[in-house]
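The next block holds one structure in the form of C-alpha cells; read it before the comments.
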Amino acid sequence: MTGLALLIPVALGLGLLGLASFFWSLKNGQFDDADGAALRILIDEEDPL
Amino acid sequence: MTATTPNRDPVPLPQTEFAVPGVRCAGCISKLENGLALNPGIAAARVNFTAKRVSITHLPDMTLPQLVKILGDIGFEAVPIAGDGVDGTQRESRQMLQAMAVAGFAMMNIMLLSVSVWSGAQGFTRDLFHWISALIALPTVAYAGRPFFRSAWAALRKGRTNMDVPISIGVLITTALSLFETFTHGPHAYFDGVVMLLFFLLTGRWLDVVMRSRARDGVSALLKQTASGAMVLDKDGKTRWVEARALSIGMDMIVAAGERVAADGIIIRGNSSFDLSLLTGESAPQMAHEGDSIHAGTLNIDSPVTISVTATGPDTAIADIARLMEQAGQSKSLYVRVADRAARLYAPAVHTLAAASFLGWMLAGAGWHESLLVAVAVLIITCPCALGLAVPAAQIVVAGALMRAGILVKDGSALERLAEVDRAMFDKTGTLTLGRPEPVNLDDANGEQRSILLALARASRHPLSEAIRRTLEGAGTSAASLTNIREIAGSGVYAMAGTCEASLGRPDFDMASAGMAAQLLVAGQPPFTVHFTDQVRSAAAETITELAQLGIESAILSGDRASAVAPVARMLGLTAQTGMLPEDKLDAIARQKRAGHHVLMVGDGLNDGPALAAGHASIAPASASDVGQNAADVVFLGDALTPVATAVRAARRTQQIVRQNFALAIGYNVIAVPLAISGHVTPLIAAAAMSGSSLIVVANALRLRAVVR
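The listed protein sequences correspond, in order, to chains A and B. Counting from 1, position 24 in the first sequence corresponds to residue 25 in the numbering used here; the numbering is continuous, with no gaps. Counting from 1, position 447 in the second sequence corresponds to residue 823 in the numbering used here; the numbering is continuous, with no gaps.
Shown next, in the form of C-alpha cells:
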C-alpha cells in the first residue's frame, strides 16, 4: 500500500509534466512550422559579418 | 560592456506577412532570411516553411511595394497577406490539439488504474482507484468536452440535432452515473470509457480542422497580386503609394506595365493594351486610349498609363461581382454534411433504445439503479465513437493524397459535394485553355533567329516576350550576345546583334489578331512573325471523356466571343454558350439545378466567381484570379486538366469508404448493443469494443492513400 501511495503520485506527476511541456511548446510556436524545423538543421550558420 | 545605454524603443515595429510560394528548400530559407536581414530597413525576418510565408519586422517607413521589391531582388515572388498572422482556423486547430492532449493524458492514466480494477482489485483499493479516476476525469470532461457541448447546445437551441447531441448526453450521463457509483462503492465506473470516447472524437475533429487549415495555407500561398494599391500622382508632381481602400475619386494613379488596375477609372495619359480575361473571359488583349474607361482588376500589358479614378470600393465592377457571389453562395451553406445527416437518424434511435432498455429492466423488476446502469451501458456502447472518426479519417487521407498530386481540397464538405455532381460546366479562357499566349511557329525560325529572339525576349517583361523566353529556354536554345539592348514601352525591344540592328515588337502590318503576334526584324533579313494562341490545356479531351465515363456531361459557359470559343468547343466535342455575363452563368447553373442536376463549375476568372459560388461543387486552376480561388472548393496546380476528373473520382471513392465505415460502425453496434441491453457489458468490454471499432475504421480509411494514381 505504501508503494502505491508513492507510485501513483509519481506516475500522475510525470504525466502532468509531459502535458505541461506539450502545452508550453505549443504556445511557444514549436509546432507552427514542422516542415521548416526539419529543414533548418541543414542550414550552415556562418556568422554574418 | 559599452557605456552607451541600449536604445529601448517603446514603439513596437510593424510586422508584415508575405506569402512566398517559391520557398522550396533549406537553401531558400537561409537565402531569404539572411538576404532580408542585410537590408537596413528590416529588423527581423522569419520564414514559416509549412505555410510558405515570411513575416518581416521592419521600420515604419518601409512601404509594401518597397518590401515586395526587396523580396523580388532576393529572388522571391511575394504577395502581402492582409490581416494578422494568427487567424481563426489556426486558433481552432490549436485548441483542438490542446483538448486532445488533455484527453489523451487522462485516458492513459485512468486506463492504468482501470487495468488493476479489471484484473480484480477489491474493496478499498478499488474505491481509491475509482476516486483518483474521478479526480482526473471530471476536469478532463469539463475541459476537453467543451467543443462538443458548445456545438450540441448551439444545435439544440435552433431546435435541430447533430452528432454532438448524443455525444454530449452520453458523456454527461455516464460521468454522472460513474460518480454516483464511486460514491456508493459500486463495482463499475465508466470514467475510462468516457475519456477514451472524448479522445477518439477529438482526434476526428482535429483531423478535420488540420485538413482545412492545410488547404487554406496552400491556397493563400497561391493567391496572386490583385492590385492592393496604386502609385498616386499628387498635384505637386510627387508620387506616393496609396492602398486600394484609401483611393478616392479624382486621384490620378500611374499604372506601370504588368500591374493590375486598383480602381475603375478613365485613362488621361498614354495608350496601352489591357488584359480583361479575369473580368470578362475575353482572351485577346484590348487596346485602350486616352479617354477610355478601365475597370479595376484588369492587367496593363504594354506601357505605363495615368488613370483618373472614377469609382472605388463598393462602386466598382468588381464589387458588383462580389455581391452576386454572396447571394449565390447562400445555397451552399444550407448543405448538410454526411455525418450530420447520419446523426439525424442515429441520435433519436440511440436515445429511444437507451430509454427503452431502462424501462424494460424496470418493468422486469430490476431496481432503478440496475436499470440505469444498463441504460448507460447502452449509451456508451452506441456513442458514435467510430462514427465520429468514420468521415474525417477518410477525408483527411484523401485530401493528403490529392495534395501530393497538386490538388488542394478546401474542406471535407467539398469532397462530399464533389462526389454528387452529374453535370460539369467549364469556363474557356484560363480553364479549358491555359489563359496565356503560347508561340506556335517558333520551329519555323532558323537557329540564328531563335537565339536573337531569346536574347531580345529576355530583356522584356511583356507577356508575349515571356512566352517566347519560356518556350525557347525549354527547348534549350542558347541566347545570342547582343549589345545596346533597350526596351521602348509600347513599341518593342531594340538591340545590336553584331553590326546589324535587331528588334522585336508589334507587327508593322495591320492584322485582326495584332495583339497576339510579334515581329522579329533583323537588318538585311526578311522579317519573321511569331504567332501566339491560347493553348488548350493538355489532356483536356481525355478529361472530358473520363468525366463522361463517370456519368458527368460537360458543357462550356464562356464570356468570350463565339468565334473564339468555337475551335475549342469543336476540338473537345462540347456544346458551348458564349458571350455570357456573370449573371447569365448563374442562370445557366440555376436552370440545371431546377432540372435536378448537381453542377460542378470549373472556372478561373473574376467573372466566374458567382458561378463558382453557385455550383454544387467548384474547381479552379491555380492560375485563377484570387476571387476564383477563394470561391472554389478545390484548387489544382499545373497545366493539365486531368485533376478535374481525378478529384471527382477520388471524392466518389471517399464517399464509398465513408459508407463502408458507417456500415462497420453500425455493424459493431448490432453486435454490441444486444450485449449491453442484456446487461452483460462491463467497462472493460466497452473500452475494448470502442477502441477496436475506431481502429478498424481508421485502418479502412488508410486504404484511400492509393486513390490518386
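Glycine residues also receive a C-beta, built at the ideal position from the N, C-alpha and C atoms.
According to DSSP, which residues form a beta bridge with residue i?
i, result
"B:I642", "B:S669, B:S684"
"B:P813", "B:D910"
"B:M872", "B:T859, B:E877"
"B:N676", "B:F650"
"B:A395", "B:R429, B:V455"
"B:L897", "B:S879"
"B:Q953", "B:L933"
"B:G605", "B:E619"
In this structure, how does DSSP classify residue i when only helix, strand and coil are distinguished?
i, result
"B:V1024", "helix"
"B:F576", "helix"
"B:H745", "helix"
"B:Y722", "helix"
"B:E922", "helix"
"B:H434", "strand"
"A:G30", "coil"
"B:I995", "strand"
"B:D628", "strand"
"B:S889", "Caution applies to B:S889, whose pLDDT of 48 falls short of 50 and renders its modelled position unreliable; the value that the coordinates give is listed next. DSSP places B:S889 in coil when its eight states are reduced to three."
"B:K600", "Only weak support is given to the placement of B:K600: the predicted model assigns it a pLDDT of 48, under 50, and the value that follows is read from those uncertain coordinates. Reduced to three states, the DSSP call for B:K600 is coil."
"B:M779", "helix"
"B:V944", "helix"
"B:R495", "One detail in the question is off: residue 495 of chain B reads as Ser in this sequence, not Arg. Note: B:S495 maps to coil in three-state DSSP."
"B:T537", "coil"
"B:E796", "coil"
"A:I44", "coil"
"A:A21", "helix"
"B:V444", "helix"
"B:R826", "helix"
"B:N424", "strand"
Name the residue from the options whose alpha carbon lies nearest to the alpha carbon of residue i.
i, options, result
"B:A987", "B:L957, B:A1041, B:T560", "B:L957"
"B:G874", "B:L748, B:A475, B:V637, B:V898", "B:V898"
"B:E666", "B:S648, B:T674, B:L675, B:R1029", "B:S648"
"B:T758", "B:E746, B:A740, B:S733", "B:S733"
"B:A1000", "B:V1011, B:A990, B:D963", "B:V1011"
"B:G673", "B:S679, B:A695, B:G448", "B:A695"
"B:D1098", "B:E792, B:A731, B:I756, B:W494", "Residue 1098 of chain B is absent from the model: chain B starts at 377 and stops at 1085."
"B:V430", "B:P416, B:I405, B:K445", "B:I405"
"B:A664", "B:D678, B:S653, B:V774", "B:D678"
"B:A916", "B:A945, B:Q953, B:T615, B:K969", "B:A945"
"B:A1008", "B:E824, B:R1029, B:V978, B:H506", "B:V978"
"B:P724", "B:I543, B:H1056, B:Q901, B:R400", "B:I543"
"B:L548", "B:G741, B:A790, B:V752, B:A454", "B:V752"
"B:A1039", "B:P1050, B:A1062, B:V1057, B:S1070", "B:S1070"
"B:L880", "B:A856, B:V906, B:N983, B:T919", "B:V906"
"B:V1049", "B:T805, B:V726, B:R1029", "B:V726"
Roughly how far, in whole angstroms, is the beta-carbon of residue i from the beta-carbon of residue j, given that I think they are within contact range, below 8 Å?
i, j, result
"B:Q466", "B:S589", "6 Å"
"B:L832", "B:L848", "With 8 Å as the limit, B:L832 and B:L848 do not qualify as a contact, their Cβ atoms being about 11 Å apart."
"B:V1084", "B:T1022", "6 Å"
"B:G605", "B:A632", "Incorrect: roughly 13 Å between the Cβ atoms, too far for contact."
"B:T433", "B:L389", "5 Å"
"B:L976", "B:G991", "6 Å"
"B:R837", "B:G634", "5 Å"
"B:F576", "B:L765", "6 Å"
"B:W617", "B:P416", "No, B:W617 and B:P416 are not in contact; Cβ-Cβ is about 20 Å, not under 8 Å."
Please confirm whether residue i and residue j have their CB atoms less than 7 Å apart.
i, j, result
"B:T551", "B:V517", "yes"
"B:G1165", "B:I697", "Summary: the structure shown does not reach residue 1165 of chain B, with chain B confined to residues 377 through 1085, and so no result is reported for it."
"B:L810", "B:Q911", "yes"
"B:G398", "B:F481", "no"
"B:L583", "B:I772", "yes"
"B:C761", "B:M476", "no"
"B:A993", "B:V797", "yes"
"B:A800", "B:L923", "yes"
"B:A1041", "B:L763", "yes"
"B:A520", "B:V491", "no"
"B:L623", "B:T688", "yes"
"B:A777", "B:V1034", "no"
"B:T853", "B:R826", "yes"
"B:A835", "B:V869", "yes"
"B:N1037", "B:N1076", "yes"
"B:A996", "B:G1004", "yes"
"B:F425", "A:D34", "yes"
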